[in-house]
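A short write-up of the structure that comes next.
Chains as they are written, first to last, in our numbering: chain C, 1155 to 1275; chain Y, 3 to 148.
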């Protein structure tokens, strides 16, 4: 799996997490800027997913392909779901929801990379 | 400030529980489908933990007296489970050939499995005071209670 893209997702997610943490600390609901920061994370995640799928079509296979795809789906689904839930919670806790999601994204990147490297090939 | 069990901080709790239900559940399903015979005990335990997280998520979303009671039971089982399995995995690691969510007190998941039920129980307790007697709460505060 493309390591540079993984780093891009992690950096974007941590930056978005920090931005949302500031909002939460200031007792603010998430505004458009926070949604955009999460959208950037989603965009980076999407690019990583496309590259991974292209590599898989090209013949590279992670050891546990099923688990890998499951993680990919979670990875892509988490930011939109978090934004949806945060919109239902227009308080500081909405910002915390985005913060939590942005902190989970780097964990998912690391898991995806571990699964990808465990090819056993 | 609204003190409903499924809004405010409660919604953050629901998100975290949902993530755990999904990750523990998916992991258990894959493990049981691909290599169940390697460590049936550990995988059944993972599946059980996942089920508890799922029920807790649903209970928190529903709220109300029934949802609260169910969530309380789930959080209690989780806390007992993570403490029991955490201790057991330290004392007799050979009994756990493969990790579960609760092994090592949830070490593999950043100890969130240990902290989550405590926060859940605390939140249920706090909203219990807030929900039934929100109007009298201010009076209590004025009277110097709490």
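Cβ atoms here follow ideal geometry from the backbone N, Cα and C, with glycine treated the same way. Source: prediction; values computed, not measured.
Residue 1249 (chain C) and residue 20 (chain Y) have their alpha carbons spaced roughly 17 Å apart.
Separation of residue 1236 (chain C) and residue 1183 (chain C) (C-alpha to C-alpha, rounded to the nearest whole angstrom) is 13 Å.
For the region 1215–1241 of chain C, the beta-carbon criterion of a distance under 8 Å to any beta-carbon of chain Y is satisfied by 1218, 1220, 1221, 1224, 1228, 1232, 1236, 1239.
With respect to the 7 Å criterion, residue 103 (chain Y) and residue 51 (chain Y) are classified as neighbours on the basis of their beta carbons. The contact set of residue 10 (chain Y) on chain C, defined by CB atoms closer than 8 Å, consists of 1243, 1245, 1247 in chain order. For residue 117 (chain Y), the closest Cβ of chain C is not nearer than 7 Å.
Residue 1176 (chain C) has a beta carbon lying at 7 Å or more from every beta carbon in chain Y. Closest by C-alpha distance to residue 1169 (chain C), out of C:1180, C:1190, C:1158, C:1181, is C:1190. Rounded to the nearest angstrom, the gap between the Cα atoms of residue 1258 (chain C) and residue 1165 (chain C) is 13 Å. Distance between residue 100 (chain Y) and residue 1187 (chain C), taken at the CA atoms: about 43 Å.
Within the region 1198–1275 of chain C, complete alpha helix (DSSP H) segments of at least 4 residues are found at 1219–1242, 1246–1271, given in chain order. Annotated three-state conformation of residue 27 (chain Y) is helix, per DSSP. In this structure, the straight-line span from the alpha carbon of residue 1155 (chain C) to that of residue 76 (chain Y) is close to 38 Å.
In the displayed model, residue 41 (chain Y) falls within coil according to three-state DSSP, outside both helix and strand.
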